[in-house]
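Student:
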Amino acid sequence: MLLPTASLLFAVTALEPPAELEKNVAAFFEENCTACHDAGSDEIDLESSPGRLVDVKSVNGKPMVVPGDVEGSYLWAKLKGSPGIEGDPMPLGDDPFDDAKLAPVRAWIEGLAPAGGAGAGGGSDSGTGADASSSGTVAPTVDLAPYEQAVAEKQKAAESAEKTVQEFFNDNCTVCHDSGSQEVNLVSPLGRLTGEKSKYTQKPFIVPGKLDESYLWAKVKGQNIEGDPMPQGEKPFPDDELAPVKNWIMALGEVEKAKADLEAAKTGGTGEGPVDNKAPSETPVDKPEENAECKRRKKDGTCKPDKPISDPPFHGTFQINLPTTAGLGKRKFEFRIDHRFGRIGTERGAFGLDAGAVMSVGFAYGIIDGLDVLIRRSNSRKGYELGVKYIPVMQEYGMPLSFGGYASIEYYRDFSTNTANAVSGNFQLMLSRLWFERWSTMLLVGYYLRTNHAANVVVDFGDGNGSVPATDTRNTLNLGFASTVWLGKKKRWGVDMEYIFPIPADVFYWHGANDNPSTVNIGSWSLGGSWSSPSKKHLFQIMFTNTREIHTNLYAPGGQTRNPFEQRGNFFLGFNLSRKWSL
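This note's numbering puts the sequence shown at residues 7 to 589.
Okay, here's the thing in structure tokens:
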């Protein structure tokens, strides 16, 4: 009685449309598998469209689903616990599925068999010859071997291209876009991307053979996308680095074309015939300078880039205290916290943690590329600072160096008995360069108004009255030096240095008056390290320094301690933390 039952089962499943079969198997996966095998699974995603499984291979290289061939499908082998599988059969740690439970899976795989094919359960119809003769025509015999060979060769070429593009993703993308990514998982196997869409735009990540319709390509090119282009916060990929991605997408298109020709040959169509097996690595790479419209040109006639083509000299908008030539970029927002603990050598000061602290909290906004505004507030003298940074020359846009300026006005709302010169201003010019893509250097010249905020200044004017109280309204001129050496393959770790040296002149001395002109101003120094996130949107710095001040007019006169090794540690520990957003 088994034969009639099997025939009846085949007859019923054969009448079901493919969409209904896929719906049934999706329901099976939802009930039994997707608790573990969801979109974030490292092994296989059974939550998305089942149809894409025909292009997915297991980690051992075997195809998950072979249309029409149940026994040749690794998915079926895992569900049945067949010999040759890797790891445990499914369901993990539970009773095996019986044949009735697996019927939707079998029916779906068999239903994927191409028309006229001899898939499992399909067989051949002995009546086709009679039908053909009764119509008076005989279908020509087509040699399918060249078509099948073309498919195999194209698939092999696509697999090779996928390995190359996976190496590219591993080097540049998978730190963020791993199996736990909410946007897209760029960890192998990559064939599933042909069936996945961006959750923000609903555009398919990969359309085989069609770069312009593949959203993944749009993201790495920065064209017609939502959000930031990739790599986030870094210079755009040059076309030669993107060649593996382009070649892989085009290779997938060649596979689809070869399969279509094979199906056309099976059904009596002519197709275009097997195509020549040109290696995908030979796909020409576009040269944007030749093919893209140039909007701006330099004096020598070469195209002036609209987007950064290299890293800026510095990752942060401030080095430690000094402003850098790095801007936020158009419509970028930054939140920043700067913190300096008390003097490390303070008795019972817990390494400065219990010795009082100076903090600054600030917000900055990029109006256009190279023009930022900021406001920040410090508890030191209860000060506010409103600043503007303008960077007209930027190395990241192809210039030999970066040049810009920073200007700010400060107001201190502390009591007049504690703080003099409640309003002051600052002007700084910065010149910087990134050398060998590893070493950042900057020279700064600054002029600062009314930098002595001590309320108890006394001066001997030589009129016979001795030292008398006075308000010191003199200014400070100084030179600033900053340098960072970037470490690691991705250049995310940095060793930071900064030194601010007041130029000797009839300006502010360390004690604030000419009563002690022999006082030597040693300037302020800082030495520390930094870490930048892969997106370049987070920056964390930790440093040792001889000044607790953070705002511009307050750190300008120089450091607050001299010999750093006196008094069990005559310096301060501090950190800076910044976070950027795109608006």
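Built from N, CA and C at the ideal position, the CB exists for glycine as well.
Specify, as a first and last residue, the run of the beta strand (DSSP E) that threonine 447 falls within.
Tutor: Element bounds for threonine 447: 445-454.
Student: According to the neighbour-count rule (16 or more other Cβ atoms, all chains shown, within 10 Å of its Cβ), is leucine 392 buried or exposed?
Tutor: When all chains shown are included, leucine 392 counts as exposed.
Student: Under a three-way DSSP split, which group does methionine 256 fall into?
Tutor: Three-state DSSP puts methionine 256 in a helix.
Student: Taking only three categories from DSSP, how would you classify leucine 118?
Tutor: In this structure, leucine 118 counts as coil in the three-state DSSP scheme.
Student: DSSP puts aspartate 502 in a beta bridge; with which residues?
Tutor: For aspartate 502, which the question treats as bridged, DSSP gives the partners Thr490, Gly534.
Student: Taking the alpha-carbon of aspartate 104 as reference, which of Pro235, Lys86, Trp114 has the nearest alpha-carbon?
Tutor: Checking every option, the nearest Cα to that of aspartate 104 belongs to Lys86.
Student: Let me know the secondary structure DSSP gives tyrosine 403 once reduced to three states.
Tutor: Three-state DSSP puts tyrosine 403 in a helix.
Student: Applying the criterion that 16 or more other CB atoms from any shown protein chain within 10 Å of the CB defines a buried residue, is alanine 106 buried or exposed?
Tutor: Under this definition alanine 106 is an exposed residue.
Student: Inspect the beta-carbon positions of tyrosine 371 and glycine 389 and report whether they are closer than 8 angstroms.
Tutor: In this structure, glycine 389 does not lie closer than 8 angstroms to tyrosine 371 by Cβ.
Student: Taking the C-alpha atoms as reference points, what is the distance between proline 250 and valine 157?
Tutor: For proline 250 and valine 157, the distance between alpha carbons rounds to 21 angstroms.
Student: Whole-angstrom Cβ separation of proline 102 and proline 95, contact assumed at under 8 angstroms?
Tutor: Yes, proline 102 and proline 95 are in contact; Cβ-Cβ is about 7 angstroms, under 8 angstroms.
Student: Please confirm if the segment 458-475 is in contact with the segment 490-505, defined as three or more CB-CB distances below 8 angstroms between the two stretches.
Tutor: Short answer: they don't touch.
Student: How many whole angstroms separate the CB atoms of leucine 268 and tyrosine 153, which I take to be in contact at a CB cut-off of 8 angstroms?
Tutor: Right, the Cβ-Cβ distance comes to about 4 angstroms (below 8 angstroms), so this counts as a contact.
Student: Our contact map puts glutamate 28 next to glycine 74 with C-beta atoms below 8 angstroms; I'd like the distance itself, whole angstroms only.
Tutor: Between glycine 74 and glutamate 28 the Cβ distance is about 14 angstroms, and since that is not below 8 angstroms, they are no contact.
Student: Measuring straight from C-alpha to C-alpha, what distance separates glutamate 165 and valine 171?
Tutor: Their Cα atoms are separated by approximately 10 angstroms.
Student: My understanding is that glutamate 416 touches asparagine 559, with C-beta atoms under 8 angstroms, so please give their C-beta distance in whole angstroms.
Tutor: About 5 angstroms separates the two Cβ atoms, so the contact holds.
Student: Taking 8 angstroms as the cut-off, decide whether the C-beta atoms of glycine 431 and isoleucine 397 are in contact.
Tutor: Their beta carbons are not under 8 angstroms apart, which means glycine 431 does not touch isoleucine 397 by this criterion.
Student: Roughly how many angstroms lie between the CA atoms of serine 384 and glutamine 208, to the nearest whole one?
Tutor: Rounded to the nearest angstrom, the two C-alpha atoms are 46 angstroms apart.
Student: Taking 8 angstroms as the CB-CB limit, is glutamate 555 close to chain B?
Tutor: Going by chain labels, chain B is absent from the structure shown, which holds only one protein chain.
Student: Three-state secondary structure (DSSP) at glycine 335?
Tutor: Reduced to three states, the DSSP call for glycine 335 is coil.
Student: With 16 as the cutoff for other CB atoms within 10 Å, does leucine 150 come out buried or exposed?
Tutor: Burial call: exposed.
Student: How about glutamate 173 and tryptophan 254: are their beta carbons less than 8 angstroms apart?
Tutor: The answer is no: Cβ separation not under 8 angstroms.
Student: So is the beta-carbon of proline 152 under 7 angstroms away from any non-hydrogen atom of the ligand SAH?
Tutor: Although the ligand SAH was asked about, the structure shown includes no ligands whatsoever.
Student: Taking C-beta to C-beta, are aspartate 378 and threonine 323 nearer than 8 angstroms?
Tutor: It is a contact, given that the beta carbons lie within the stated cut-off.
Student: Which value, in whole angstroms, describes the spacing of the CA atoms of alanine 461 and threonine 425?
Tutor: Going by the C-alpha atoms only, they are around 5 angstroms apart.
Student: Give me the Cα-Cα distance between serine 438 and glycine 57, rounded to the nearest whole angstrom.
Tutor: Serine 438 and glycine 57: Cα-Cα distance of roughly 55 angstroms.
Student: Going by alpha carbons, who is nearest to glycine 410 out of Pro318, Gly362, Val429?
Tutor: Of the listed residues, the one whose Cα sits closest to glycine 410 is Pro318.
Student: If you follow the beta strand (DSSP E) that threonine 551 is in, where does it begin and where does it stop?
Tutor: Note, threonine 551: beta strand (DSSP E), 544-551.
Student: Near alanine 32, what residues of its chain come up, given a Cβ to Cβ distance below 7 angstroms and the 5 sequence neighbours on each side ignored?
Tutor: Contacts found: Pro56.
Student: Rounded to whole angstroms, how far is the Cβ of leucine 222 from the Cβ of isoleucine 212, which I believe are closer than 8 angstroms?
Tutor: About 6 angstroms; that satisfies the 8 angstroms criterion.
Student: Kindly indicate which three-state DSSP category tyrosine 561 falls into: helix, strand or coil?
Tutor: Helix.
Student: For the alpha helix (DSSP H) that asparagine 176 lies in, which residues bound it at each end?
Tutor: Its alpha helix (DSSP H) spans residues 151-178.
Student: Alpha carbon to alpha carbon, how far is asparagine 327 from alanine 488?
Tutor: If I take the Cα positions, the gap works out to 10 angstroms.
Student: Straight-line CA distance for leucine 435 to tryptophan 531?
Tutor: When rounded, the distance between both Cα atoms is 19 angstroms.
Student: Pick helix, strand or coil for tyrosine 206, following the three-state DSSP scheme.
Tutor: Coil at tyrosine 206, not helix or strand.
Student: I need the straight-line Cα distance from lysine 293 to lysine 63, nearest angstrom please.
Tutor: Interpretation of lysine 293 is limited by its pLDDT of 43, a score under 50 that renders its predicted location unreliable; the figure taken from the coordinates is listed afterwards. Roughly 34 angstroms between the two C-alpha positions.
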